[in-house]
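Working notes, beginning with the structure itself.
Number of protein chains: 2
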Amino acid sequence: MREDTRKKITTPEIADDGAALGQSIREARQAKGWTLEEAGRAAGIGRSTLSKIENNLTRPSFDIIRRLTQALDMHTPNLFLQSGQSGISGRRDYTPKGRGEPKDTPTYLHELLCTDLTSKRMLPYISEIKARDISEFETWIRHSGEEFMYVLSGELTFISEHYRPLPMKAGDSLYYDSSMGHGCISTSAENARVLWVSLE
Amino acid sequence: MREDTRKKITTPEIADDGAALGQSIREARQAKGWTLEEAGRAAGIGRSTLSKIENNLTRPSFDIIRRLTQALDMHTPNLFLQSGQSGISGRRDYTPKGRGEPKDTPTYLHELLCTDLTSKRMLPYISEIKARDISEFETWIRHSGEEFMYVLSGELTFISEHYRPLPMKAGDSLYYDSSMGHGCISTSAENARVLWVSLE
DNA sequence: AAAAACTGTATCCTATAGGAAACAGAGTTT
DNA sequence: AAACTCTGTTTCCTATAGGATACAGTTTTT
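Protein chains in written order, with UniProt numbering: chain A, 1 to 200; chain B, 1 to 200.
Right under this line is the structure:
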């Protein structure tokens, strides 16, 4: 080994709050059984860079992390959790039938489900859509995210941009981009009941 | 203004594939009605840095982006979408009753819903849980993410780590951390039917 | 309408991110 | 056991991230 006469430049232990980022990546890589070389090639980065990232010896760019998470099929939301907050880890929330949290609007009767878990990512609720005429429709509902709906009872028509009205009845389900303008109207004599799960 | 004799170093238009990252951040900041100064202070970064990020003139570190997304209450998964793939934007997927894609396991009869939309983030399916004795239970199901379940018919018992068995019947709902070991057994004479929505 | 207080952008500079290559250690092969 | 071939780590270097500051444009105050 050759003599190193230079002043030692210290850059150790960056990790501060970013915390277990490197560890997460190392686990994901090893779960795939990949070497630094292989993972680096898949993500388009050098193995030295990857080594430093996994050992928290650097503060990688977002771009690098994005490429890595793609290559390793990683679960990205976890990476954003700072030490302390850990989502709903190890918890569950039970709501008996009809015991959700009511929330009414002029058009809908909502029953929010599992509201004790405030940090959950999906938002489940049951809506009672009041029977009414199609002419009452006013404006699109539009909000970023994705939504899944399942018709519990009754009949309704789902209307949205880019598509023609879709008649639905009990047992039917639908998944859609909620940033696309959308809305529901009951087309049965009685109210229709729908289970919704909204993301974001 | 003084004469600039240096060779112009060009660093414009980094944006390459990272794409609309800066735009997303600008939108989130403006949605909060914040100036660069305010948002920067909330995230602990300088306004000049933030300006460059929003205009895609730099390739920010993951750490910076994490601080920003926290301060701005941003929805992080979107940021990981690269330019080509845009989720399910502007699309919807309808599945009539009983027309899901069947997928059976020894214990469950699954019917996957809305399988045409492959890039959706939530995974909805209906499971028929075969009536059986509690003694048949073998091992925990465990996978990262969150799950919501809604009992459509029949009765069952949900069992999981950290908790005691939970009897559920039609109309009940449950939200839980799916990394926590869990499982279901039917406790009614006939099979129980459950609607599940799984996230990641 | 000048002065002042804002806004977001552009410039300058230093610490460092990330690639190339050297290094070190553990198996393999000849 | 020496020569190869892997692994992951460390060193070296250049391009650049991000803060400080100067600049420019717009609105508010005196």
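Glycine included, C-beta positions come from ideal geometry on N, C-alpha and C.
These figures come from a predicted structure and were not determined experimentally.
Cα-Cα, which of A:Glu161, A:His182, A:Pro124 is closest to leucine 195 (chain B)? Comparing C-alpha distances from leucine 195 (chain B) to each of A:Glu161, A:His182, A:Pro124 shows the shortest one belongs to A:Pro124.
Going by C-alpha distance, which of B:Pro96, B:Leu50, B:Asp116, B:Thr49 is nearest isoleucine 88 (chain B)? Comparing alpha-carbon positions, the option among B:Pro96, B:Leu50, B:Asp116, B:Thr49 lying closest to isoleucine 88 (chain B) turns out to be B:Asp116.
Please name the residue, chosen from B:Leu72, B:Ser119, B:Ala39, B:His143, that lies closest to aspartate 177 (chain A) on a Cα-to-Cα basis. Looking at the Cα atoms, B:Ser119 is the closest of the given residues.
Applying the 10 Å Cβ sphere with the 16-neighbour rule, what's the burial state of histidine 143 (chain A)? Exposed.
Using a Cβ-Cβ distance under 8 Å, would aspartate 172 (chain B) count as near chain A? At a cut-off of 8 Å between beta carbons, aspartate 172 (chain B) contacts chain A.
8 Å Cβ cutoff, proline 165 (chain B) in contact with chain A: For proline 165 (chain B), the answer is no, since every Cβ of chain A falls outside 8 Å of its Cβ.
Which residues mark the beginning and the end of the alpha helix (DSSP H) in which glycine 40 (chain A) is found? That run of the alpha helix (DSSP H) goes 36 to 43.
List, in order along the chain, the chain B residues whose C-beta lies closer than 8 Å to that of cysteine 114 (chain A)? Contact annotation for cysteine 114 (chain A) against chain B: Phe148, Ser173, Leu174, Tyr175 [CB-CB distance below 8 Å, chain order].
Same chain, Cβ closer than 7 Å to glycine 183 (chain A), neighbours up to 5 away in sequence not counted: Setting aside the 5 residues that flank it on each side, glycine 183 (chain A) is surrounded in the same chain by Phe137, Trp140, Ile141, Ile159, each with a C-beta closer than 7 Å to its C-beta; the list follows chain order.
Closest Cβ-Cβ distance between serine 186 (chain B) and chain A: below 8 Å? It does not; no Cβ of chain A falls within 8 Å.
DSSP state of leucine 112 (chain A), grouped into three classes? In the structure shown, the three-state DSSP call for leucine 112 (chain A) is strand.
8 Å contact criterion, which glycine 154 (chain B) and serine 188 (chain B) should meet: CB distance rounded: About 4 Å separates the CB atoms of glycine 154 (chain B) and serine 188 (chain B); that is less than 8 Å, so the two are in contact.
Mind reading off the beta-carbon distance from methionine 168 (chain B) to leucine 199 (chain A)? Whole number of angstroms is fine, and I expect it under 8 Å. Taking C-beta atoms under 8 Å as the contact rule, methionine 168 (chain B) and leucine 199 (chain A) fail to qualify, at a distance of about 23 Å.
Compute the distance between the beta-carbons of serine 179 (chain A) and threonine 95 (chain B), then report whether it is under 8 Å. The answer is no: Cβ separation not under 8 Å.
Straight-line gap, glycine 40 (chain A) to alanine 31 (chain B) (C-alpha atoms, nearest Å): Roughly 37 Å between the two C-alpha positions.
At which residues does the beta strand (DSSP E) containing glycine 90 (chain A) begin and terminate? In the DSSP assignment, glycine 90 (chain A) falls outside any beta strand (DSSP E) and carries neither an H nor an E.
Is the distance from the Cβ of glycine 90 (chain B) to the Cβ of histidine 162 (chain A) below 8 Å? With contacts defined as CB atoms closer than 8 Å, glycine 90 (chain B) and histidine 162 (chain A) qualify as a contacting pair.
Am I right that residue 211 (chain A) and isoleucine 45 (chain A) are in contact with their C-beta atoms under 8 Å? What's the rounded C-beta distance? Because chain A is modelled from 1 through 200, residue 211 (chain A) falls outside the range shown and cannot be assessed.
Which residue wins for smallest C-alpha separation from glycine 22 (chain A), given the options A:Ala42, A:Leu50, A:Leu72? Considering only A:Ala42, A:Leu50, A:Leu72, the residue with the shortest C-alpha distance to glycine 22 (chain A) is A:Leu50.
Could you tell me whether the Cβ atoms of tyrosine 175 (chain A) and aspartate 93 (chain B) are closer together than 8 Å? Cβ atoms of tyrosine 175 (chain A) and aspartate 93 (chain B): closer than 8 Å.
Taking Cβ positions only, does aspartate 73 (chain A) come closer than 8 Å to chain B? No - not a single Cβ of chain B is within 8 Å of the one on aspartate 73 (chain A).
Limits of the alpha helix (DSSP H) - the one that lysine 103 (chain A) falls within: In this chain, lysine 103 (chain A) is not harboured by any alpha helix (DSSP H); it is covered by the beta strand (DSSP E) spanning 101 to 104.
Nearest candidate by alpha-carbon position, reference isoleucine 53 (chain A), set A:Ala20, A:Pro102, A:Thr157, A:Thr105: Of the candidates A:Ala20, A:Pro102, A:Thr157, A:Thr105, the one whose C-alpha sits nearest the C-alpha of isoleucine 53 (chain A) is A:Ala20.
Helix, strand or coil for arginine 29 (chain B) per DSSP? In the structure shown, the three-state DSSP call for arginine 29 (chain B) is helix.
What's the C-alpha gap between isoleucine 185 (chain B) and arginine 67 (chain A)? Their Cα atoms are separated by approximately 41 Å.
For lysine 7 (chain B), count neighbouring C-beta atoms within 10 Å of its own C-beta (all shown protein chains included) and say buried if the count is 16 or more, exposed if not. Low per-residue confidence applies at lysine 7 (chain B): pLDDT is 31, beneath 50, and the placement is therefore not dependable, though the value from the model is reported in the following sentence. Exposed, by the Cβ-count rule.
Please report the distance separating the alpha-carbon of alanine 192 (chain B) from that of threonine 157 (chain B). About 10 Å.
Arginine 29 (chain A): buried (16+ other C-beta within 10 angstroms of its C-beta) or exposed? It counts as buried.
Cutoff 8 Å: proline 102 (chain B) Cβ touching any chain A Cβ: For proline 102 (chain B), no Cβ of chain A is located within less than 8 Å of the residue's own Cβ.
Report yes or no: is there a C-beta of chain B within less than 8 Å of the C-beta of tyrosine 108 (chain A)? Cβ-Cβ to chain B under 8 Å: no for tyrosine 108 (chain A).
Quick one, are the C-beta atoms of lysine 103 (chain A) and leucine 113 (chain A) less than 8 Å apart? The answer is no: Cβ separation not under 8 Å.
First and last residue of the uninterrupted alpha helix (DSSP H) at leucine 50 (chain B): Taken as a continuous stretch (DSSP letters only), the alpha helix (DSSP H) holding leucine 50 (chain B) covers 47 to 54.
Comparing the C-beta of lysine 120 (chain A) with each C-beta of chain B, is any distance below 8 Å? Using beta-carbon distances, lysine 120 (chain A) counts as an interface residue toward chain B, with a partner under 8 Å.
Using a 10 Å radius around the Cβ and a threshold of 16 neighbouring Cβ atoms, would you call threonine 69 (chain A) buried or exposed? The residue is buried, with at least 16 neighbouring Cβ atoms inside 10 Å.
Whose C-beta lies closer than 6 Å to the C-beta of phenylalanine 148 (chain A) among residues of the same chain, with five residues either side of it excluded? Tyr175, Val197.
Tryptophan 196 (chain B) bridges to which residues according to DSSP? Answer is B:Tyr125, B:Met149.
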